[in-house]
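Read the structure below first, then the notes.
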Amino acid sequence: MIRYFGVNSEVTTMKPTLLPCNKEVLSLEQWIKPPSNLMHEMSDKELFWRASFVPCVKNYPFQRVPKIAFMFLTKGPLPLAPLWERFFKGNEGLYSIYIHSFPSYEADFPSSSVFYKRQIPSQVSEWGKMSMCDAERRLLANALLDISNEWFVLLSESCIPLYNFTTIYNYIQGSKYSFMGAFDDPGPYGRGRYNENMLPEVNITDWRKGSQWFEVNRKLALYIIEDTKFYPKFSEFCKPACYVDEHYFPTMLTIQGGNLLANRSITWVDWSRGGAHPATFGGSDITEEFFKKIYEGHSCLYNDQPSSICFLFARKFSPSALEALFLSAPKFLGF
């Protein structure tokens, strides 16, 4: 029985019409494909937040080939780029390149170069100041956006590789540890730089010193860019003559994950001439005896076992050394 309340009416039934929506469909590739353009408008705060994303499911749903991120911290040009071009040739898919320079520098690499469009948004960095660590964190964060980057090597424009790509890749891949110096120096240039205002976050017994040039794995890179606990202390209380780039990362990582550090750098430098900076080498220095000095007479631990291969990179080389290095590379560098 149908009951009417005052007004008779008919109900017209309409068939639903489905209109297609031109919406972008999310795919796995959008999450795993590295950014096609390294330039972006994110602030450091936004960048570090984005770079800190970590999947909770540890098994990747795709064939992940781990890469080394080569991070060049430079004021401007890369005068040794031709040597690096030869080093990288034929190893596509196993490395990524990132360049942090002064903002005013405009690179002019040809489109065929491995360095083409590899600059990241940069800011001025000064030696011995927190802005230098900011630049290094910026490099790490941009490199972390590529989920395939597993190891991160910090280099300067005056660095060279000491072996061919395969040797360096296998050495880093096979190591149980990351290569960062983090030693307890009881003298005036170590513990003498400690400020008690670092307490309670940093105790003097945790205070460490190490070379600026490092290699870290993805886990430690994340520790560095996500840090908000130690950064304020070092920013405020480690200023010249406390050179923060020698203490911040070594100390923080000793506290956060000291068991993951080899406690040595894999970048060779020559301090034998004294002074605040290591020796710089030109074309006339590139001899067989020079390479023997780098390769021979060293002993270190690799995966807790004695090894004579302790350094994978070397610095500092001036632009005038390029020709001699290029000619010597097949014999001494292996590429």
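Going by this note's numbering, the sequence shown opens with residue 903, and the numbers climb by one from there. For glycine and all other residues, C-beta sits at the position ideal for the given N, C-alpha and C.
Rounded separation between residue i and residue j - CA only
i	j	result
S1050	F964	11 angstroms
L1163	P957	24 angstroms
E994	V1016	9 angstroms
S1230	H942	39 angstroms
I1074	P1208	16 angstroms
G1185	A1226	6 angstroms
P1053	I1127	Residue identity check: residue 1053 is Trp in the sequence provided, not Pro. Those two C-alpha atoms are separated by around 14 angstroms.
F989	K1233	13 angstroms
N1097	H1149	12 angstroms
E1191	P1180	19 angstroms
R1175	P1090	20 angstroms
Y1204	M944	39 angstroms
P979	A1009	7 angstroms
K1078	F1132	26 angstroms
S911	L928	Caution is warranted here: a pLDDT of 48 is assigned to S911, below 50, making its placement in the model unreliable, and the coordinate value is therefore given only provisionally. Cα-Cα distance, rounded: 47 angstroms.
L1235	T1107	40 angstroms
L1155	E1138	19 angstroms
L1224	D1187	11 angstroms
E987	Q1021	16 angstroms
I1196	W1173	13 angstroms
Y1018	E1038	20 angstroms
V1171	L1042	23 angstroms
P1088	R1095	10 angstroms
K960	K1121	13 angstroms
F907	E931	With a pLDDT of 46 at F907, under the threshold of 50, the predicted position of this residue should be treated as unreliable, though the coordinate-derived value follows. Spanning the two alpha carbons is a distance of roughly 60 angstroms.
N1239	P968	Nothing in the structure corresponds to residue 1239, since the chain is present only between 903 and 1237.
Cβ separation of residue i and residue j, assumed to be a contact under 8 angstroms, to the nearest whole Å
i	j	result
L940	I970	Not really, about 17 angstroms apart at Cβ, beyond 8 angstroms.
T1169	R1217	6 angstroms
S1080	V1104	Actually they are not in contact, since the Cβ atoms of S1080 and V1104 sit about 20 angstroms apart, beyond 8 angstroms.
F1237	N1099	In fact, because the Cβ distance is near 49 angstroms, the residues do not count as touching under 8 angstroms.
F1055	F955	Note that residue 1055 is Val in the sequence shown, not Phe. The Cβ separation is near 22 angstroms, so there is no contact.
S998	D946	So it is not a contact: roughly 20 angstroms between Cβ atoms.
Own chain, CB closer than 7 angstroms to residue i, minus 5 neighbours either side, in chain order
i	result
S1210	H1200 and S1201
G1083	G1112, S1113, P1152, N1165, R1166 and S1167
F1085	R1110, K1111, G1112 and N1165
I1062	L982, L985, F1215, A1216, F1219 and L1227
S1222	G1184 and G1185
K1135	M1100, E1103 and V1104
Counterpart residues of residue i in DSSP-defined beta bridges
i	result
T1169	F1215
Q1207	Y1204
W1053	I970 and N1119
Q1114	Q1114 pairs with nothing; no bridge assigned.
L975	H1002 and S1058
P957	Answer is none; P957 lacks a bridge partner.
P1063	F1215
Y997	I970
Neighbourhood of residue i by C-beta distance below 6 angstroms, restricted to the same chain and skipping five residues each side
i	result
F974	I1001 and L1057
T1182	K1218 and S1220
8 angstroms CB neighbourhood of residue i in its chain, flanking five on each side removed
i	result
T1068	N993
M977	Residue identity differs from the one stated: residue 977 is Lys in this sequence, not Met. So the qualifying residues of the chain are S1003, F1004, Y1007 and E1059.
M903	A caution first: M903 carries a pLDDT of 48, below 50, which makes its placement in the model unreliable, though a value can still be read off. Here the set comprises nothing.
F950	R1039, A1043, I1127 and E1128
heavy atom of the ligand ADP below 8 angstroms from residue i C-beta
i	result
A971	As presented, the structure is devoid of all ligands, the ligand ADP included, so that no description of it is given.
Below-9 angstroms beta-carbon distance, residue i vs any chain B residue
i	result
S954	Of the chains in the structure shown, none is chain B; there is only one protein chain.
Is the segment 1141 to 1150 close to the segment 1027 to 1035, with three or more CB pairs under 8 angstroms?
yes
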